[in-house]
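Residue numbers (this note's numbering): 9 to 84.
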Amino acid sequence: MNKRPNAYVLAGLGVGGAVLLAVKNKQHLKKWASMFRSDEKVPEKAGNPDPLDIQDNKMVDEGAMTSVHYFNEVRQ
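Next up, the structure:
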């Protein structure tokens with residue numbers, strides 16, 4: 009019972025590959041593939057912040073105080 013779905017998957021992949029190779033105008037394929045690529049820049053500061061970076065620590069501290077302030081308002 010398990011062998012038949014594998015055969016269908018392999019047949020589908022084979023047909024899909026053959027269609028991609030047979031298509032003469034690949035412009036629409038490039039457009040379709042570009043939807044999955046991201047042009048966004050990766051953040052420079054990610055992970056553990058540097059303890060000596062004062063501006064970053066100040067920003068984190070202010071963000072922490074914002075959530076505490078919101079929690080206190082909701083609680084009261």
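Ideal placement from N, C-alpha and C gives every residue a C-beta, glycine not left out.
Asked, Found
"With H, G and I counted as helix, E and B as strand and the rest as coil, what does DSSP make of D61?", "coil"
"Could you check where the alpha helix (DSSP H) with K39 kicks off and where it finishes?", "Q35 to S42"
"If you drop the 5 nearest sequence neighbours on each side, which residues of the same chain put their C-beta closer than 6 Å to that of N14?", "none"
"How many Å lie between N56 and N65 at the Cα?", "11 Å"
"How long is the line joining the alpha carbons of V17 and E52, rounded to whole angstroms?", "41 Å"
"Any idea what DSSP makes of R45, helix, strand or coil?", "coil"
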